Structures are given as C-alpha cells and as structure tokens.
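Protein chains in written order, with my numbering: chain A, 1 to 152; chain B, 1 to 108. Worksheet: the structure to be examined is printed underneath.
Right, here's the structure in full:
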C-alpha cells in the first residue's frame, strides 16, 4: 500500500513539474529572445583591447556584471538520472545552462545600456548543489562580466 | 575608483603599478530562503533570493578589493577577474582580484 502511494505521489510530482518546468522555460526563452533582439545593435566582444584600440575618444569605462542563479526542476532531474544510466546528451540540463548564461549576459548588457560596446566579456559559473537533502537538483550560479566603454 | 577587466584604462596612461589586490567573501544560504528556494527548485526557473545573495557577494568582494587598493593609494584597478568556488554544500565563495594602478589622463 505504501509503495503504491509513494509511486503515485512521485508520478504526480513528475507530471506537475513537467508542466510547470515547460511553461517556465518556454516563457523564459521567449523573453530572452525578445531582449536579445532589442540589444542586437549593441556590440559585445570577448577580446580585450591589446591589439585593437578604440577609434574614438573614450569618455568613460566601467566594469559591468550580470548575475543569475538558475535551477532545474524535478522532472528534468528525473530524466537526467535516467539518461545517466544509458549515456548520451543530457538535453534537459543543456537548456538550463543555456538559459542561465544568456540571462546573465543579458543582465550585464542591460546595465550598460548607455555604453557603446562591451569588451573582454567573461562568463564564470559554479554549481551550487545542496547535497544534504540526498537527491539534489542542480543549481547553477553564473556571473558574466566585462568592461563597458562609452565614447565621447 | 575605475575598474576594468582589460589590460589598461582606455584614454588614460598608467603611471604606477601597486600590484595585486583581492577581495573574497563566502556566503551561505539562509534557512528561510532555503525553504522558498526548495519549492522553486521542484518547479524550476530562476532562484531570485539566491541571485540577490550572489549580487551581494559580488558587491562585497569588489568592495574589499577596492578598499585594499585605496589604502595603497591607487585610483584604478585593471584586469579584474572573478573566480567562484563551492566550498561546502550550500555555500559559495566569490573572489575578485586585479592589479591596482595609478592612472592619469593623456594630455591633449
């Protein structure tokens, strides 16, 4: 009896989190796409200015950062655990990391909305798993940073 | 204090170098936030309270680095880098480091 109850509870959790996770992810991707299109004319590069100097006079420089902590859901974790057994691409985790990195970069760019370009962009990420609960759902903390340059 | 993560400050000349400065902070998640985040964890998406925690941690690491540079008499830090590490379950370190320099405006 207990086993049936447990399985039923797990099945309901998986279905519910599948629905919520899908909705959250879809909305987030739509939002990211819109914001990326809005910023399409703002250049962002990941090289410094060692070999390339700004052609115009620089008014100000500023370090800009963007942070985000993103987590997967119960369903994604369940699928990934299954996949782990057989091997192959963990597509459910790929989308989390993709969303997180793009969100962090967007936040950085939105902070430097007045600047002409951002150089030397770096993306730093860590996994902050809480292993004390046993079965942990991966959380990813991402910091994106770069130097925003404003011309005169 | 001017902060950049490139090797110079565009439009300015480096007058003196004071060496490496750094600042770090270790932050743990708090219990109340953990409960909310635990629920959010099941559903999926961004964990806003943890994002705020990360922003705070980054600000503090940068503030400590800046303080150190100010004590040296520098007016800019170049080549700033951030490094992060997960020390134990539920705690994370943010470490910022860079080179403290004195810069001056290029004449003309």
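Glycine included, every Cβ here is placed at the ideal spot set by N, Cα and C. Quick caveat, the model's predicted, so the values are computed rather than measured.
Asked                                                                                                                                                                                           : Found
Residue 26 of chain A touches chain B at which residues, Cβ-Cβ below 7 Å?                                                                                                                       : Those within 7 Å of residue 26 of chain A in chain B number zero; the least Cβ separation is about 11 Å.
Assuming the contact rule is C-beta atoms closer than 8 Å, residue 17 of chain A and residue 42 of chain B should be a hit. Round their C-beta distance to whole Å, please.                     : 6 Å
Let me make sure I understand the geometry here. Which of B:9, B:1, B:3 and B:49 has the alpha-carbon closest to that of residue 105 of chain B?                                                : B:9
For the ligand NAP, I want to know if residue 68 of chain B counts as a neighbour, meaning its beta carbon is within less than 7 Å of at least one of the ligand's heavy atoms.                 : The model depicted lacks the ligand NAP and carries no ligand whatsoever.
Label residue 30 of chain A either buried or exposed according to how many other C-beta atoms from any shown protein chain fall within 10 Å of its C-beta, with 16 as the threshold for buried. : exposed
So for residue 72 of chain B, helix, strand or coil by DSSP?                                                                                                                                    : helix
Among all the DSSP beta bridges, which residues are the ones paired with residue 78 of chain B?                                                                                                 : B:99
Between B:39, B:100, B:40 and B:83, which has its C-alpha nearest residue 54 of chain B's C-alpha?                                                                                              : B:83
What is the residue span of the beta strand (DSSP E) that residue 13 of chain B lies within?                                                                                                    : 12-28
Just to confirm my understanding: we take residue 77 of chain B, look at its own chain, exclude 5 residues before and 5 after, and list those with CB closer than 6 Å. What are they?           : 3, 69, 98 and 100
To the nearest angstrom, how far is it from the Cα of residue 134 of chain B to the Cα of residue 74 of chain A?                                                                                : The shown model of chain B, from 1 to 108, leaves out residue 134 of chain B, and the question about it has no answer.
So for residue 141 of chain A, helix, strand or coil by DSSP?                                                                                                                                   : strand
With burial defined as no fewer than 16 other Cβ atoms inside 10 Å of the residue's Cβ, what is the status of residue 41 of chain A: buried or exposed?                                         : exposed
What residue does the beta strand (DSSP E) around residue 192 of chain A start on, and which one ends it?                                                                                       : This structure cannot settle anything about residue 192 of chain A, because the visible part of chain A is limited to 1 through 152.
Report the start-end ranges of each alpha helix (DSSP H) in the stretch 87-129 of chain A that is 4 residues or longer and not cut off at the edges.                                            : 91-111
Using 8 Å for Cβ pairs, my map puts residue 94 of chain B next to residue 71 of chain B. What's the rounded Cβ distance?                                                                        : So it is not a contact: roughly 21 Å between Cβ atoms.
Using a beta-carbon distance cut-off of less than 9 Å, what residues from the stretch 33-50 of chain B approach chain A?                                                                        : 34, 37, 38, 40, 41, 42, 43, 44, 45, 46, 47, 48, 49 and 50
Return the residue from the list A:142, A:148 and A:146 that minimises the CA-CA distance to residue 47 of chain B.                                                                             : A:142
Please classify residue 100 of chain A: is it buried, with 16 or more other beta-carbons within 10 angstroms of its beta-carbon, or exposed?                                                    : buried
Given that residue 36 of chain A touches chain B, what residues does it touch there, using C-beta distances under 8 Å?                                                                          : Going along chain B, no residue has its Cβ under 8 Å from residue 36 of chain A, so there is no contact; the nearest lies around 17 Å.
Among A:44, A:43 and A:69, whose alpha-carbon lies nearest the alpha-carbon of residue 52 of chain B?                                                                                           : A:69
For the alpha helix (DSSP H) that residue 36 of chain A lies in, which residues bound it at each end?                                                                                           : 2-38
Are there three or more Cβ pairs, one per stretch, closer than 8 Å when the stretch 138-152 of chain A is compared with the stretch 54-67 of chain A?                                           : yes
List, in chain order, every chain A residue whose beta-carbon is nearer than 7 Å to that of residue 20 of chain B.                                                                              : Within 7 Å Cβ-Cβ: nothing; residue 20 of chain B doesn't reach chain A, min ~17 Å.
If the cut is a Cβ gap below 9 Å, which residues of chain A does residue 8 of chain B touch?                                                                                                    : 48, 49 and 50
Residue 13 of chain B to residue 39 of chain A, Cα distance in whole Å?                                                                                                                         : 32 Å
Can you tell me the Cα-Cα spacing of residue 127 of chain A and residue 81 of chain B, whole angstroms?                                                                                         : 19 Å
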